[in-house]
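Read the structure below first, then the notes.
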Amino acid sequence: MSDRQLLEGGSARTSTGGDALAQAESNVERARERVESSLLALRDEVTRRTDWRRWVRRRPAAFLGGALALGFVLGYRR
37 MSDRQLLEGG SARTSTGGDA LAQAESNVER ARERVESSLL ALRDEVTRRT
87 DWRRWVRRRP AAFLGGALAL GFVLGYRR
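When we follow our numbering, the leftmost residue of the sequence shown carries the number 37, and every step to the right adds one.
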């Protein structure tokens, strides 16, 4: 069967080949869904871990001390 016939809705599947092809397509679709899910989870985790506002809210004294020290060092150099 030609590529054109396949694109127009024809089928080149045989009974055993069709089953194997359907199984392979199913496996690929499941793998694609797992990858998509993993990427979304990774994006959410990276976003959560790099949120500087959350870090400041959790440790305000440390960031205030760091800002004061940095201001003193930069101000002293002038």
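Glycine included, each C-beta is placed from N, C-alpha and C at the ideal position. Model, not experiment: these values are computed from the prediction.
Beta-carbon gap between V109 and F99 smaller than 8 Å: Translated into positions along the sequence shown, residue 109 becomes position 73. Translated into positions along the sequence shown, residue 99 becomes position 63. No, they are not a contact pair.
R95, enclosing alpha helix (DSSP H) - first and last residue: For the purposes of this step, residue 95 is identified with residue 59 of the sequence shown, where counting begins at 1. First-last for R95: undefined, no H or E at that position.
Close beta carbons around Y112, own chain, < 7 Å, minus the five adjacent residues each side: For the purposes of this step, residue 112 is identified with residue 76 of the sequence shown, where counting begins at 1. So the list is empty, once near-sequence residues are dropped.
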